[in-house]
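*Asks:*
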Amino acid sequence: MTSIVQNQWYVAAYGREIGRELFSRTICGESILFWRTEAGEVTAMSDRCVHRRFPLSQAPSHLDGDTVVCGYHGFTYGADGKCVAVPGQTRVPRTARLKSYPVVEQDTLVWIFIGDADKADATRIPRAPWLDQEGWTTVSGMEPLAARASLLVDNLMDLSHETYLHGGYIGTPEVAETPITTEVDEEAGIVYVSRHMADAECPPFYAKSTGIEGRITRWQDIEFAPPCLYKLHSRVAPVGVLPNEDGTDPHAFHVEVNYAITPETENSTHDFWMVSRDFALDDEAVTDFLRESNRTVVLQDVTALDVLEQVIAGEPDGYQELSINIDTGALAARRIIARLAAEASGAAAEQAAATAR
Ligand code: FES
Ligand SMILES: [Fe+2]
Numbered sequence: 255m256t257s258i259v260q261n262q263w264y265v266a267a268y269g270r271e272i273g274r275e276l277f278s279r280t281i282c283g284e285s286i287l288f289w290r291t292e293a294g295e296v297t298a299m300s301d302r303c304v305h306r307r308f309p310l311s312q313a314p315s316h317l318d319g320d321t322v323v324c325g326y327h328g329f330t331y332g333a334d335g336k337c338v339a340v341p342g343q344t345r346v347p348r349t350a351r352l353k354s355y356p357v358v359e360q361d362t363l364v365w366i367f368i369g370d371a372d373k374a375d376a377t378r379i380p381r382a383p384w385l386d387q388e389g390w391t392t393v394s395g396m397e398p399l400a401a402r403a404s405l406l407v408d409n410l411m412d413l414s415h416e417t418y419l420h421g422g423y424i425g426t427p428e429v430a431e432t433p434i435t436t437e438v439d440e441e442a443g444i445v446y447v448s449r450h451m452a453d454a455e456c457p458p459f460y461a462k463s464t465g466i467e468g469r470i471t472r473w474q475d476i477e478f479a480p481p482c483l484y485k486l487h488s489r490v491a492p493v494g495v496l497p498n499e500d501g502t503d504p505h506a507f508h509v510e511v512n513y514a515i516t517p518e519t520e521n522s523t524h525d526f527w528m529v530s531r532d533f534a535l536d537d538e539a540v541t542d543f544l545r546e547s548n549r550t551v552v553l554q555d556v557t558a559l560d561v562l563e564q565v566i567a568g569e570p571d572g573y574q575e576l577s578i579n580i581d582t583g584a585l586a587a588r589r590i591i592a593r594l595a596a597e598a599s600g601a602a603a604e605q606a607a608a609t610a611r
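Using my numbering, read the sequence shown as starting at 255 and increasing by one per residue.
1. Ligand 1 and C303: does the residue's C-beta get closer than 7 Å to at least one heavy atom of that ligand?
2. Just to confirm, are I476 and P492 a CB contact at a threshold of 8 Å?
3. Of the choices V556, V407, T471, whose alpha-carbon is the least far from that of G583?
4. Using beta-carbon positions only, say whether S530 and T344 come within less than 8 Å of one another.
5. Figure out for me which residue from R545, I591, T541 has the closest Cα to the Cα of L483.
6. Which stretch, first to last residue, makes up the alpha helix (DSSP H) that contains A601?
7. Is it buried or exposed for T426, if we count other Cβ within 10 angstroms and need 16 for buried?
8. Just to confirm, does G328 get its C-beta within under 7 Å of one of the non-hydrogen atoms of ligand 1?
9. Across which residues does DSSP place S311 in a beta bridge pair?
10. Which same chain residues, not among the five before or five after A333, have their C-beta less than 6 Å away from its C-beta?
11. Nearer than 7 Å: is that true of the beta carbon of C456 relative to any heavy atom of ligand 1?
12. Within the continuous beta strand (DSSP E) that includes I444, where are the two ends?
13. With a threshold of 16 other CB atoms inside 10 Å of the CB of A442, please say whether the residue is buried or exposed.
14. Okay, do the stretch 409-426 and the stretch 596-605 touch, 3+ Cβ pairs below 8 Å being the bar?
15. Going by DSSP in three states, W384 sits in which element: helix, strand or coil?
16. Suppose contacts are defined by Cβ-Cβ distances below 8 Å. Is W473 in contact with S463 by that definition?
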């Protein structure tokens with residue numbers, strides 16, 4: 255039984271990663287081949303030839319126009335995964351077809367639907383418009399995490415760890431000291447966690463990038479759309495500077511910190527991170543600084559979570575965690591993910607029963 259939630263959209267890659275080279279990535283335990291057609295559309299199909307399972311991403315497999323040719327015996331597949339030619343005979347077996355996956359490229363991200371393709375509804379993909387919008391500059395990356403996705407969810411839903419794990423970067427005492435408020439939109443399946451610090455120390459991450467000297471009003475508003483897209487709406491301003499009544503906010507600095515949490519396997523995760531800002535848009539020094547500091551912060555989490563995965567692997571069953579107020583958001587996220595998993599396995603059982611009838 256897999257702990258990976260099926261019938262969901264996951265971020266498979268940044269759009270920039272996929273071109274006219276064969277690209278392979280394991281998503282939710284499935285080895286998937288990606289490439290762009292000559293018209294620029296991203297395709298996703300199984301990375302295992304139906305003949306003798308040679309990986310299609312492996313040289314000498316190659317693209318020939320809008321087909322991919324297996325490097326072992328030459329089975330040739332179209333962009334929809336259907337085999338169009340086999341060696342030594344003109345008749346192509348009807349069942350010669352690679353599993354193909356629904357994909358949507360939006361907001362610079364390539365989303366893939368894992369599960370029953372008939373259930374893929376692209377309108378359910380959460381949006382992050384700033385990744386691809388005038389007025390924002392983004393740095394991004396992806397770090398491999400040797401830990402299960404749920405550990406990254408826990409980590410991101412509770413930012414009080416910034417004070418301890420990320421001191422000197424984004425953590426200051428006020429983050430851990432300030433209580434959070436948590437709200438759950440059950441119907442939309444979204445968890446909100448807010449922490450508004452009225453008068454806080456400015457950590458180097460923001461002091462150096464914004465140029466603010468002195469203390470700040472710092473807001474952290476998390477919006478998590480399980481299982482994959484996490485958004486931290488971060489607002490930083492000189493102490494006491496608040497948004498105008500009409501919602502405009504010209505004297506604050508806004509940073510959208512996004513993560514896409516995509517299981518690679520049961521026990522490993524693709525940790526996609528993105529930091530978008532609405533200030534110093536063309537300042538390369540700020541861009542380089544934010545890229546380097548955020549990557550360092552992400553790696554601090556990766557190191558800690560890799561340790562936790564090992565701890566969990568080695569412990570006897572029945573370990574009881576103790577949760578406190580700071581964990582409310584993480585617990586809500588776990589609950590929603592469990593519900594999504596139950597819905598998906600319910601749907602799978604229904605389908606199996608229908609097939610058996
Ligand atoms: S394994 Fe691909 S053609 Fe034989
Ligand atoms: Fe962290």
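The beta-carbon is built from N, C-alpha and C at its ideal position, and this holds for glycine as well. It should be emphasised that the depicted structure is a prediction, and the values quoted were computed from it without experimental measurement.
*Replies:* Answer, in terms of the structure:
1. For the purposes of this step, residue 303 is taken as the residue at position 49 of the sequence shown. Yes, the beta carbon of C303 sits closer than 7 Å to at least one heavy atom of ligand 1.
2. For the purposes of this step, residue 476 is taken as the residue at position 222 of the sequence shown. For the purposes of this step, residue 492 is taken as the residue at position 238 of the sequence shown. Going by C-beta atoms, I476 is not nearer than 8 Å to P492.
3. Along the sequence shown, read from residue 1 onward, the residue named residue 583 stands at position 329. Answer by Cα proximity: V407.
4. The count along the sequence shown starts at 1 and reaches residue 530 at position 276. The count along the sequence shown starts at 1 and reaches residue 344 at position 90. Not closer than 8 Å, so no.
5. One-based indexing of the sequence shown puts residue 483 at position 229. Checked all of R545, I591, T541; the closest Cα to L483 is I591.
6. The count along the sequence shown starts at 1 and reaches residue 601 at position 347. 582-610 is the span of the alpha helix (DSSP H), which, as asked, contains A601.
7. Start at 1 with the first residue of the sequence shown, and residue 426 comes out as number 172. Taking all protein chains shown into account, T426 has 16 or more neighbouring C-beta atoms within 10 Å of its C-beta and is therefore buried.
8. One-based indexing of the sequence shown puts residue 328 at position 74. Yes, since a heavy atom of ligand 1 falls inside the 7 Å radius drawn around the Cβ of G328.
9. The count along the sequence shown starts at 1 and reaches residue 311 at position 57. Answer by DSSP bridge pairing: none, since S311 is not bridged.
10. Position 79 of the sequence shown, counted from the first residue, corresponds to residue 333. These residues qualify, in order along the chain: T291, T297, D320.
11. Here residue 456 refers to the residue found at position 202 when the sequence shown is read from its first residue. Incorrect: C456 has no Cβ contact closer than 7 Å to ligand 1.
12. Residue mapping note: residue 444 aligns to position 190 of the sequence shown, counting from 1. I444 -> beta strand (DSSP E) spans 444-454.
13. On the sequence shown, residue 442 is found 188 positions in, with the first residue counted as 1. Counting C-beta atoms within 10 angstroms of its own C-beta, A442 has fewer than 16 neighbours from the protein chains shown and is therefore classed as exposed.
14. With a cut-off of 8 Å, the stretch 596-605 and the stretch 409-426 do not count as touching, because too few Cβ pairs lie within range.
15. Residue numbering aside, residue 384 sits at position 130 when the sequence shown is read from its first letter. Helix.
16. As a position in the sequence shown, residue 473 is number 219, starting the count at 1. As a position in the sequence shown, residue 463 is number 209, starting the count at 1. Contact flag unset, no.
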